[in-house]
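**Q**
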Amino acid sequence: MEISQKIAVVTGASSGLGAAFSVALVAKGAIVYGLARNLDKLDTLQKQLGKTFIPVKMNITDQKAIAAWVKKTFYDTYIPNILINNAGVGYFSKIDELPLQHWHDMINTNLNGAFYMSSNIVPLMKKNNASCHIVNIGSILGKTTRPDSAAYSATKYGIQGFSEALSKELRTYNIKVTCVNPGSIETRFFEQSGIESHSNMLQPKDIATFIIHVLETPCNMLIDEITLRPLLPKMKQQDQREPSSPVCYAHSSEVRKEFQNEEPLNTKFVSTHIKPKDKQI
Ligand SMILES: NC(=O)c1ccc[n+]([C@@H]2O[C@H](COP(=O)([O-])OP(=O)(O)OC[C@H]3O[C@@H](n4cnc5c(N)ncnc54)[C@H](OP(=O)(O)O)[C@@H]3O)[C@@H](O)[C@H]2O)c1
Numbered sequence: 000m001e002i003s004q005k006i007a008v009v010t011g012a013s014s015g016l017g018a019a020f021s022v023a024l025v026a027k028g029a030i031v032y033g034l035a036r037n038l039d040k041l042d043t044l045q046k047q048l049g050k051t052f053i054p055v056k057m058n059i060t061d062q063k064a065i066a067a068w069v070k071k072t073f074y075d076t077y078i079p080n081i082l083i084n085n086a087g088v089g090y091f092s093k094i095d096e097l098p099l100q101h102w103h104d105m106i107n108t109n110l111n112g113a114f115y116m117s118s119n120i121v122p123l124m125k126k127n128n129a130s131c132h133i134v135n136i137g138s139i140l141g142k143t144t145r146p147d148s149a150a151y152s153a154t155k156y157g158i159q160g161f162s163e164a165l166s167k168e169l170r171t172y173n174i175k176v177t178c179v180n181p182g183s184i185e186t187r188f189f190e191q192s193g194i195e196s197h198s199n200m201l202q203p204k205d206i207a208t209f210i211i212h213v214l215e216t217p218c219n220m221l222i223d224e225i226t227l228r229p230l231l232p233k234m235k236q237q238d239q240r241e242p243s244s245p246v247c248y249a250h251s252s253e254v255r256k257e258f259q260n261e262e263p264l265n266t267k268f269v270s271t272h273i274k275p276k277d278k279q280i
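Encoded structure:
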């Protein structure tokens, strides 16, 4: 997809990965609707990015508010080409110590929010003649688990299944769906989650740059899943040294060629699933 002039919707745009996606998309010439609850932070981002970043105060757990916003903002000739379901929360604790509210917050934000956004925007995307792309932000904890992650992992395994089924459903409508499963990223996520951060986490800007490449892949190529992990995790600051070489295990030589000079040094690009978009495999 050629991103310039395209319309993108990014949830959780007020910080971390969502803010980085917004910066990267605006830099590519997209019109970006950034959704989050904290309007002050979105306004601050708009001062930095200019008028092509449009702040939208939205709680993505509010199905009616999302439906009303989509209805009043978009119409048959003004349709989002890109939806990034990024907003998410994580709380990690033993199952018998997890407050009920935290369980509901994770289910409502990480799963219900992605469903509300997708189900309202997909009918418009189906009317778009141009290719459209939904990116769902999962987690490495949707591929594997750790102690104290039962609730969060349930949502991220859920988003993985949601994405895979949606990808199969929508590929015949010229709509790509990609699930991105990152390992630890340096964002404020760690401040509230109750788990320890480490000194060599993935950088939001690097992931955003990578996702721009994924959006720009040829129209007939569908990448339905990506797993990203930091190299040399959990190092102490003084132990840090430059990794000898980045590791890239893409299944497609074309993608491997495209990224070999651009991959950030601390990223291990573990796996991708790449399929021709219109063939049932
Ligand atoms: N950080 C990591 O290590 C890591 C690893 C793997 C996956 N992830 C995933 O990456 C995504 C982004 O997280 P992050 O690391 O960038 O964390 P972050 O900096 O805490 O950002 C989370 C974003 O989600 C928004 N949000 C939360 N609840 C919301 C709601 N009800 N309605 C609207 N927006 C809401 C927040 O905005 P407001 O508070 O302003 O609403 C914020 O913009 C999440 O899905 C997370 O699960 C993170």
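Numbering-wise (numbering that gives the first Met the number 0), the sequence shown opens with residue 0 and increments by one. Heads up, the beta-carbon is just placed ideally off N, CA and C, and yes, glycines get one too.
Please tell me whether, using a cut-off of 7 Å, the distance from the CB of serine 138 to the nearest non-hydrogen atom of ligand 1 is below it.
**A** Yes, the beta carbon of serine 138 sits closer than 7 Å to at least one heavy atom of ligand 1.
**Q** Please give me, in chain order, every unbroken run of the alpha helix (DSSP H) with length at least 4 that falls completely inside the stretch 89-145.
**A** Those alpha helix (DSSP H) runs which fall completely within the stretch 89-145 and span 4+ residues are 99-105, 112-126.
**Q** Across the stretch 46-63 and the stretch 164-180, are there enough close Cβ pairs to call them in contact, namely three or more that are closer than 8 Å?
**A** No, they do not touch.
**Q** Can you tell me whether aspartate 39 is helix, strand or coil according to DSSP?
**A** Note: aspartate 39 maps to helix in three-state DSSP.
**Q** Taking 8 Å as the threshold, find out whether the stretch 190-204 comes into contact with the stretch 159-169 through three or more Cβ pairs.
**A** Counting Cβ pairs under 8 Å, fewer than three are found: no touch.
**Q** State the start and end residues of the unbroken alpha helix (DSSP H) segment that holds phenylalanine 52.
**A** Not the alpha helix (DSSP H): phenylalanine 52 falls in the beta strand (DSSP E), residues 52-56.
**Q** Would you say asparagine 128 touches ligand 1, meaning its beta carbon is less than 7 Å from a heavy atom?
**A** Because no heavy atom of ligand 1 lies under 7 Å away, the Cβ of asparagine 128 does not count as near it: no.
**Q** Buried or exposed: which applies to glycine 160, given that a residue is buried once 16 or more other Cβ atoms fall within 10 Å of its Cβ?
**A** Per the 10 Å Cβ criterion, exposed.
**Q** Is it true that the stretch 8-19 meets the stretch 32-44, where meeting means three or more beta-carbon pairs spaced less than 8 Å apart?
**A** Output reads yes: the stretch 32-44 touches the stretch 8-19.
**Q** For serine 148 versus phenylalanine 91, is the C-beta spacing smaller than 8 Å?
**A** In this structure, phenylalanine 91 lies closer than 8 Å to serine 148 by Cβ.
**Q** Using 10 angstroms around the beta-carbon of isoleucine 94, count the other beta-carbons present and answer buried if the total reaches 16, otherwise exposed.
**A** Exposed, by the Cβ-count rule.
**Q** State buried or exposed for glutamate 185, treating a residue as buried only when at least 16 other CB atoms are found within 10 Å of its CB.
**A** Its Cβ being crowded by 16 or more others within 10 Å, glutamate 185 is buried.
**Q** Along the chain, where does the alpha helix (DSSP H) containing proline 203 start, and where does it finish?
**A** Segment 203-214, the alpha helix (DSSP H) holding proline 203.
**Q** Once you ignore the five residues that flank lysine 256 on each side, which residues in its own chain have a CB closer than 7 Å to its CB?
**A** Residue confidence for lysine 256 is low, a pLDDT of 38 falling below 50, so the modelled location carries little weight; the figure read from the coordinates is stated next. No residues qualify anywhere along the chain.
**Q** Could you name the residues of the same chain whose beta carbon sits closer than 8 Å to that of serine 3, not counting the 5 residues immediately before and after it, in chain order?
**A** Result list for serine 3: Lys27, Gly28, Ala29, in chain order.
**Q** Could you say which of Leu97, Leu201, Trp102 lies nearest to leucine 16 if we only look at CA atoms?
**A** Residue Leu201 is the option with its Cα nearest to leucine 16.
**Q** Answer with buried or exposed for aspartate 223, where buried requires no fewer than 16 other C-beta atoms within 10 angstroms of its C-beta.
**A** Flag for aspartate 223 reads buried.
**Q** With a threshold of 8 Å, are at least 3 pairs of Cβ atoms found where one atom belongs to the stretch 95-102 and the other to the stretch 121-141?
**A** Because the criterion of three Cβ pairs below 8 Å is not met, the stretch 95-102 and the stretch 121-141 do not touch.
**Q** In the DSSP assignment, find the beta strand (DSSP E) that holds leucine 221 and state where it starts and stops.
**A** Residues 220-229.
**Q** Give me, in chain order, the residues of the same chain whose beta-carbon lies closer than 7 Å to that of isoleucine 120; leave out the 5 immediate sequence neighbours on both sides.
**A** Within the same chain, isoleucine 120 has close Cβ partners Val8, Val69, Pro79, Leu82.
**Q** CB isoleucine 225 to CB alanine 23, shorter than 8 Å?
**A** No, Cβ-Cβ distance for isoleucine 225 and alanine 23 is not below 8 Å.
**Q** Would you give the residue range spanned by the beta strand (DSSP E) that lysine 175 belongs to?
**A** Lysine 175 -> beta strand (DSSP E) spans 174-181.
**Q** Along the chain, where does the alpha helix (DSSP H) that runs through isoleucine 158 open and close?
**A** Element bounds for isoleucine 158: 149-169.
**Q** By the DSSP assignment, the alpha helix (DSSP H) with alanine 18 in it spans what residues?
**A** From DSSP, the alpha helix (DSSP H) with alanine 18 extends over 15-26.
**Q** Taking DSSP's pairing of strands, which residues face asparagine 84 in a bridge?
**A** Asparagine 84 is bridged to Asn135.
**Q** Looking at the unbroken beta strand (DSSP E) that takes in threonine 72, where does it start and where does it end?
**A** Here threonine 72 belongs to no beta strand (DSSP E); instead the alpha helix (DSSP H) covers 62-72.
**Q** Let's see if you can read the secondary structure: which residues bound the beta strand (DSSP E) around threonine 76?
**A** Looking at the DSSP string, threonine 76 is not in any beta strand (DSSP E), and its letter there is neither H nor E.
**Q** Can you grab the Cα-Cα spacing for the pair lysine 204 / alanine 67, in whole Å?
**A** Each residue's Cα considered, the two are about 32 Å apart.
**Q** Using 10 angstroms around the beta-carbon of tyrosine 151, count the other beta-carbons present and answer buried if the total reaches 16, otherwise exposed.
**A** Burial call: buried.
**Q** Ignore the nearest five residues each way along the sequence and tell me which others in glutamine 236's own chain have a CB closer than 8 Å to its CB.
**A** Reliability of the predicted coordinates at glutamine 236 is poor, the pLDDT of 48 falling under 50, and the value obtained from them is presented with this limitation in mind. Ser198.
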